[in-house]
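Enquirer: Structure below; questions to follow.
Residue numbers (my numbering): 48 to 252.
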């Protein structure tokens, strides 16, 4: 790996730390060549501390090590992307990331959709006359209970299978979207989310 440690004149390159599983950015540090070599050798991320003016292995005092998974160099050879498995919180303030964010899996739009479904579930727990949205389809499903939600998942699954045997791609994708949408509702009704299902799949892998 050709890393240009001399580009910035101080022998240091930025090292972006990313969780290998969740893909969340955990922190930003700096490495010199010695820190890079030690990280590669020990498999525990080591930085050059500009305040301490020495090598610093993340976790050497707290025990919250960053276990190395992979290192990538950027197109200009002067910035590292380091994938890790964090042991405990990353930030010295005790948070998962240095941006005070939880290091939870994020599935993009599906996570946003889960958030909306969770909001609708909370709405269903309010008396009907006090609800902000009195015509929500998702709220009505939660009102009818787990049997109705499970039934809808079954119906959408059958319709998806039927469309899979046909050649209409648009109908197949629409039925697939309906199935996934209702499955997310079922998960929330049972008190779970996508990350719980993904965890099971990861354990099987």
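The beta carbon of each residue, even a glycine, is placed where N, CA and C say it ideally should be.
Measuring only the C-alpha atoms, how far is residue 170 from residue 157?
Expert: 20 Å
Enquirer: Have a look at residue 112 and residue 149 and give me their C-alpha separation to the nearest angstrom.
Expert: The alpha-carbon atoms of residue 112 and residue 149 are separated by roughly 17 Å.
Enquirer: Residues in the same chain with beta-carbon distance under 8 Å from residue 75, minus the five sequence neighbours each way, listed in chain order, please.
Expert: 61, 62, 63, 64 and 145
Enquirer: What would DSSP say about residue 239, mapped onto helix, strand or coil?
Expert: coil
Enquirer: I need the boundaries of the alpha helix (DSSP H) containing residue 157, first residue and last residue.
Expert: 156–171
Enquirer: If you follow the beta strand (DSSP E) that residue 207 is part of, which residue opens it and which one closes it?
Expert: Element bounds for residue 207: not the beta strand (DSSP E) but the alpha helix (DSSP H), 193–211.
Enquirer: Could you compute how far the alpha carbon of residue 85 sits from the alpha carbon of residue 115?
Expert: Taking C-alpha positions only, residue 85 is separated from residue 115 by approximately 11 Å.
Enquirer: Which class does residue 214 belong to by DSSP, given the choice of helix, strand or coil?
Expert: coil
Enquirer: With three or more beta-carbon pairs closer than 8 Å as the criterion, would you say the segment 208–215 touches the segment 185–200?
Expert: No, the segment 208–215 is not in contact with the segment 185–200.
Enquirer: Going by the CB atoms, is the gap between residue 152 and residue 143 shorter than 9 Å?
Expert: For the pair residue 143 and residue 152, the CB atoms are not nearer than the 9 Å cut-off.
Enquirer: Could you give the uninterrupted runs of the beta strand (DSSP E) lying entirely in the segment 69–149, keeping only those of 3 residues or more?
Expert: The qualifying runs are 72–78, 93–96, 101–104, 113–120 and 127–133.
Enquirer: Measuring only between beta-carbons, confirm whether residue 50 sits less than 9 Å from chain C.
Expert: In the displayed structure, chain C is absent; only one protein chain is listed.
Enquirer: Looking at C-alpha atoms only, which residue of 94, 155 and 161 is the closest neighbour of residue 70?
Expert: 155
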